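Novice: When the letters of the first sequence are read in order and numbered with the numbering used here, they come out as residues 526 to 1302. A virtual CB, placed ideally from N, CA and C, is assigned to each residue, including glycine. A quick note: this is a predicted structure, and the numbers were derived from the prediction, not measured.
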Amino acid sequence: MSAEPNRPSISQLAAARVPTDGGDAAYLDGLNPEQREAVLHTEGPLLVLAGAGTGKTRVLTTRLAHIIATRKAWPSQTLTVTFTNKAAREMRERAMQLIGPDGEGLRWLGTFHSISAQILRRHAELVGLKSSFTILDTDDQIRLCKQIIEAENIDPKRWTPRFLAGLIDGWKNRALTPDKVPGDEAYQFADGRGIKCYEIYQARLKVLNACDFGDLLIHNITLFQQNPDLLADFHSKFKYILVDEYQDTNVAQYLWLRLLAQGNSNICCVGDDDQSIYGWRGAEVDNILRFEKDFPGAKVIRLERNYRSTKHILAAASSVIGFNKGRLGKTLYVGDEESEDPDAEKVKVRGLWDGEAEARLISDDIESWRNTGRKYEDCAVLVRASWQMRLFEERFIMLGIPYRVIGGPRFFERAEIRDALAYLRLIRSPDDDLAFERVVNQPKRGVGASSLQKLQRYAREDGRSLFVLTPMILQTDEIKGPAKRGLTQFVDQINMWRDKLAGGMPHTDLAEIILEESGYTDMLQKDRSPQAQTRLDNLKELINALSQFDTLTAFLEHVELVMDVSGDSGGDEVQIMTLHGAKGLEWPLVFLPGWEEEVFPSRRSLDESGMKGLEEERRLAYVGITRARESARITFVANRQIYGRWQSVLPSRFVDELPHEHVDVMAETGYSTQPGADTGFSGSIEDLGERSTYESPGWRRLQANSKRGVAEAPTTIEGSGELLAASGGPSAFKIGQRVFHDKFGYGRVKAAEGTKLTVDFEKTGQKKVISTFLQGV
DNA sequence: GATTTAGATATTTTT
DNA sequence: TATCTAAATC
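1. Are the CB atoms of ILE644 and ASN745 within a distance shorter than 8 Å?
2. Could you tell me which whole alpha helix (DSSP H) segments of length 4 or greater appear in the stretch 1050-1123?
3. Run through the stretch 754-808 for me and flag every whole beta strand (DSSP E) of 3 or more residues, listed as ranges in chain order.
4. Using CA atoms only, rank isn't needed, just tell me which of TYR832, LEU755, ARG929 is closest to LYS581.
5. For GLU941, is the classification buried or exposed, using 16 other Cβ atoms within 10 angstroms of its Cβ as the cut-off for buried?
6. Roughly how many angstroms lie between the CA atoms of ASP662 and GLU1085, to the nearest whole one?
7. Roughly how many angstroms lie between the CA atoms of ALA823 and ARG783, to the nearest whole one?
8. My assumption, with CB atoms under 8 Å, is that LYS697 sits in contact with GLY653. Please give the rounded CB distance.
9. Output the distance between the C-alpha atoms of LEU669 and ARG982, rounded to the nearest integer angstrom.
10. Excluding the five sequence neighbours on either side, which residues of its own chain have a C-beta within less than 6 Å of the C-beta of LEU604, listed in chain order?
11. Just to confirm my understanding: we take ARG699, look at its own chain, exclude 5 residues before and 5 after, and list those with CB closer than 8 Å. What are they?
12. For the alpha helix (DSSP H) holding LYS1137, just list the boundary residues, first then last.
13. Would you say LEU1110 and ARG1060 are within 8 Å of each other, going by their C-beta atoms?
14. Give me the DSSP bridge partner(s) of GLY679.
15. For VAL732, report the span of its alpha helix (DSSP H) as first-last.
16. For GLU1155, does the three-state DSSP call read helix, strand or coil?
17. Can you give me the Cβ contacts of GLY628 inside the same chain, cut-off strictly under 7 Å, excluding the 5 residues immediately before and after it?
18. On the DSSP letters alone, give me the boundaries of the alpha helix (DSSP H) that ILE640 sits inside.
19. Measure the alpha-carbon distance for ALA841 versus ILE1150 and round it to whole angstroms.
20. According to DSSP, which residues form a beta bridge with PHE992?
21. Curious, which full-length beta strand (DSSP E) runs of at least 3 residues does the stretch 557-581 contain?
22. Do the stretch 989-1006 and the stretch 1038-1054 meet, that is, are 3 or more Cβ pairs less than 8 Å apart?
23. I'd like the list of long-range same chain contacts for LYS979, defined as Cβ closer than 8 Å, with 5 residues on each side in sequence excluded.
24. State the DSSP-derived secondary structure class of ALA869, mapped to helix, strand or coil.
25. Give every residue of the same chain whose Cβ lies closer than 8 Å to the Cβ of LYS731, excluding the five residues on either side of it in the sequence, and list them in chain order.
26. Between LEU741 and the ligand GTP, is the CB less than 7 Å from at least one heavy atom?
27. Say whether the stretch 1105-1124 touches the stretch 942-957, bearing in mind that this needs 3 or more beta-carbon pairs closer than 8 Å, one atom from each stretch.
28. Apart from the five residues just before and just after ALA715, which ones in its own chain have a Cβ nearer than 6 Å to its Cβ?
29. Residues in its own chain within less than 6 Å of LYS900 by CB, not counting five upstream and five downstream?
30. Here's a check: name, in chain order, each residue in its chain whose Cβ is nearer than 7 Å to the Cβ of GLY1138, leaving out the five neighbours to either side.
31. Could you say which of PRO703, ARG646, GLY788, ALA1070 lies nearest to ASP754 if we only look at CA atoms?
32. Between the C-alpha atoms of PHE921 and GLY876, what's the straight-line distance to the nearest angstrom?
33. Where does TYR832 sit, in a helix, a strand or coil, going by DSSP?
34. Would you kindly work out how many angstroms separate the C-alpha atoms of PHE1074 and PRO1176, rounded to a whole number?
35. Quick check on the DSSP output: the alpha helix (DSSP H) that includes VAL696 runs from which residue to which?
36. If you drop the 5 nearest sequence neighbours on each side, which residues of the same chain put their C-beta closer than 7 Å to that of GLU724?
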């Protein structure tokens, strides 16, 4: 959303000596006078609790712009932190629309991690790092953990590297250095060896001159705590601190902020406890719940006027979130009662037979939306887990509906991109052992696991890096044959490339040469697998991305912290993404499929985090519903294939938590078009309102008697036929039971043996069937 | 050292 | 069902 073109910018107002209050206030339409006053003029801690769609970003940018326009601080004296690079970009753009070129000076506007990295680069030596330190990503972390587990002789099956990495990450999220981890938590890993592994991990990082993401903040905290003078410098530097999405901060981020805010307490946090959906990643909703205690004298304002959605959508979202305990409590209300459409569509809830029927219904809905002159890009399908996207993609491809999947594997996390980056990293910093290990045999140079192990053993004893030691070991006869040749070539090539870079070769040219000379492109060109071409394309894209940076170092810094490549948003396409990915976005029409127990709320969440997990799932439901402006459509199914297994599933408890007056609920089996097959049913929410009423006639039939049958033989049915039941077996059907098949019509079960079910059909002469359902009647 | 095969294992995702 | 990893075989 952009600022209204006719409205003067704050800097223009300031320049014209117009009282800025009048001008600024115009940017804060949804706020009452006291709230405007608070946003613009509060000195000292301020918490803005902003419900979904109440203009949270606008509040933050307006405050920032006002501070600068009124010269309370220079742009470089403000610190503005966000969670994502996207949010940071948006914030900068919006601020610049308000204050013009002054915005260029916003040096300290960025993500927690990018700002910490800036600070750490400047003072790295104080925590024992060189300022050229590399930043490891998740993949590197896991590989490092794997090495540690192997070195410690821990069974990697029982204690996986991923688990250890997760544990360390969790500790870092809570700002726990190895000496601070509570003793009993050590037993979460390998009978008490968790802390030891953590210590080794940290020691290794120091040797590698590297940091992981968590370290960026932890090192900052140590830096501040151990160097009061330095901290004081920052206190005088940052006159105002602004924080976006405060509900997502973890303990480390909270401590970091608190240290920086100690100076003058001019900290303004914006957030919504009801939209905290990253608990599994260390976010502490408690931070926002405790704000007034943490920052004494804090002013708190609540934004509850929503300009985005219809009353039905808001009522649905409020009702569901109302089932959570321990909220700060906000009630969203419609921003503009007068322009509210009295005929606004209620939230639609539809129960369907299975995932395919769900995809069919949603695609039909999208087509009819499109036929009324609306756009594809105004619709979104928001799922709980990415595996749910597949069915929609298949259906959309079949119908030719243009769509875009948002999320999915990230560009810089793809194997080929990481390989290419590893070459570049190794050229820049020879001590980067993880990069060395990654590409020393990629493409194949005959350097296998055993040769690499020898090198690693020497490196560990010597304390120097693999790249430095390899030439020395090659002098000896320790490594022979193809491995020796391969290693020699590898080291020579890396050195040669580094010389070329030092000799002034442009880094884009160098990257192409590396891919060519290393044989990497060759390897992919020979590869006949369907992915090979995409991989080559991705590498071209990488070169393209490289060309946008002046130096290799600048590029690598960008990649390490800003792990996204600005995807062209493309044309008129339906958006498919996870609920997590949808935060901060909105569409006129939003589909929310898969509202089934165990799927959403997700079983894992409930198993692992119990009530806390359930509440977070519920917040996810709240986020999902509030993405919709005009229409929200929720669906659930009776049968779902999960990991290839058919399962019958119950509607999500969240369906029961919707407000009756604002939703319209219908459930059907998908057979209702079949003459005489009155298995479809529809009803009001009351029919589905209580758990026991899933025994409403249609539903129980689906639950108790339905099994998916796959007909394999015979291809022609003459009065009777055999069906192979794919799931549950024929035992789900009783002998003599009347059944219905959507191609063969009605019949009666004659025999059920093994996996075969014999059915007498009333009609004869049916044609070939590939796969279809058999249903009890 | 490379290739094949069997077995286990399964969210959400940003930095 | 699909994907990744480790053992088994070439």
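Specialist: In short:
1. Locating residue 745 in the first sequence gives position 220, where the first residue counts as 1. Locating residue 644 in the first sequence gives position 119, where the first residue counts as 1. ASN745 places its beta carbon less than 8 Å from that of ILE644.
2. 1056-1071, 1077-1086, 1104-1107, all fully within the stretch 1050-1123.
3. Look at the stretch 754-808 and you find these whole runs of beta strand (DSSP E), each 3 residues long or longer: 765-768, 792-796.
4. By 1-based counting over the first sequence, the position of residue 581 is 56. Of the candidates TYR832, LEU755, ARG929, the residue whose Cα lies closest to the Cα of LYS581 is TYR832.
5. Within the first sequence, residue 941 is the residue found at index 416, counting from 1. Buried, by the Cβ-count rule.
6. Translated into the one-based positions of the first sequence, residue 662 becomes position 137. Translated into the one-based positions of the first sequence, residue 1085 becomes position 560. When rounded, the distance between both Cα atoms is 7 Å.
7. In the first sequence, the residue the question calls residue 823 occupies position 298. In the first sequence, the residue the question calls residue 783 occupies position 258. Taking the straight line from one Cα to the other gives about 13 Å.
8. Taking the first residue of the first sequence as 1, we reach residue 697 at position 172. Taking the first residue of the first sequence as 1, we reach residue 653 at position 128. That pair is no contact at about 17 Å.
9. For the purposes of this step, residue 669 is taken as the residue at position 144 of the first sequence. For the purposes of this step, residue 982 is taken as the residue at position 457 of the first sequence. Taking the Cα positions, LEU669 is about 15 Å away from ARG982.
10. By 1-based counting over the first sequence, the position of residue 604 is 79. So the list reads TRP633, PHE763, ILE766, once near-sequence residues are dropped.
11. Taking the first residue of the first sequence as 1, we reach residue 699 at position 174. Only ASN775, VAL776, ALA777, GLY807 meet the Cβ criterion.
12. Along the first sequence, one-based indexing puts residue 1137 at 612. First-last of the alpha helix (DSSP H) with LYS1137: 1128-1151.
13. Working through the first sequence from its first residue, we reach residue 1110 at position 585. Working through the first sequence from its first residue, we reach residue 1060 at position 535. No.
14. Here residue 679 refers to the residue found at position 154 of the first sequence. Sequence check: residue 679 is Ile here, not Gly. According to DSSP, ILE679 bridges with nothing at all.
15. On the first sequence, residue 732 is found 207 positions in, with the first residue counted as 1. Counting along the chain, VAL732 sits inside the alpha helix (DSSP H) bounded by residues 719-732.
16. For the purposes of this step, residue 1155 is taken as residue 630 along the first sequence, with counting starting at 1. Strand at GLU1155.
17. Locating residue 628 in the first sequence gives position 103, counting from the first residue. Setting aside the 5 residues that flank it on each side, GLY628 is surrounded in the same chain by PRO600, ARG617, ALA620, MET621, each with a C-beta closer than 7 Å to its C-beta; the list follows chain order.
18. On the first sequence, position 115 is the one that residue 640 refers to. Where ILE640 is concerned, the enclosing alpha helix (DSSP H) stretches over 637-648.
19. Along the first sequence, read from residue 1 onward, the residue named residue 841 stands at position 316. Along the first sequence, read from residue 1 onward, the residue named residue 1150 stands at position 625. Straight-line Cα distance between these residues: approximately 7 Å.
20. Taking the first sequence and counting its residues from 1, the one referred to as residue 992 is at position 467. For PHE992, which the question treats as bridged, DSSP gives no partner whatsoever.
21. Secondary structure in the stretch 557-581: the beta strand (DSSP E) runs of 3 residues or longer, each lying completely within the stretch, are 571-575 in chain order.
22. The stretch 989-1006, when compared against the stretch 1038-1054, does not touch it at the 8 Å Cβ threshold.
23. As a working mapping, residue 979 is identified with position 454 in the first sequence. Cβ neighbours of LYS979 beyond the five flanking positions: ILE998, GLU1003, ILE1004.
24. Indexing the first sequence from 1 puts residue 869 at position 344. Three-state result, ALA869: coil.
25. In the first sequence, the residue the question calls residue 731 occupies position 206. Contacts found: GLY653, LEU654.
26. Inclusion of the ligand GTP in the displayed structure is not the case, the ligand content being empty and no account of it being possible.
27. Between the stretch 1105-1124 and the stretch 942-957, the count of Cβ pairs shorter than 8 Å is below three; the stretches do not touch.
28. Locating residue 715 in the first sequence gives position 190, where the first residue counts as 1. Here ALA715 has ILE679, TRP684 as same chain residues with Cβ atoms under 6 Å from its own Cβ, once five neighbours each way along the sequence are excluded.
29. One-based indexing of the first sequence puts residue 900 at position 375. Cβ within range, chain order: ASP1097.
30. As a working note, residue 1138 is residue 613 in the first sequence. Taken in chain order, the residues that qualify are SER1130, LEU1131.
31. For the purposes of this step, residue 754 is identified with residue 229 of the first sequence, where counting begins at 1. Nearest to ASP754 by alpha-carbon distance, out of PRO703, ARG646, GLY788, ALA1070, is GLY788.
32. Taking the first residue of the first sequence as 1, we reach residue 921 at position 396. Taking the first residue of the first sequence as 1, we reach residue 876 at position 351. When rounded, the distance between both Cα atoms is 20 Å.
33. For the purposes of this step, residue 832 is taken as the residue at position 307 of the first sequence. Annotated three-state conformation of TYR832 is coil, per DSSP.
34. Working through the first sequence from its first residue, we reach residue 1074 at position 549. Working through the first sequence from its first residue, we reach residue 1176 at position 651. Spanning the alpha carbons of PHE1074 and PRO1176 requires a straight line of approximately 51 Å.
35. Counting from one through the first sequence, the residue named residue 696 turns up at place 171. Checking the displayed sequence, the identity of residue 696 turns out to be Trp instead of Val. Annotation: the continuous alpha helix (DSSP H) that includes TRP696 extends over 686-698.
36. Along the first sequence, read from residue 1 onward, the residue named residue 724 stands at position 199. Cβ neighbours of GLU724 within its own chain (closer than 7 Å, five residues either side excluded): PRO703.
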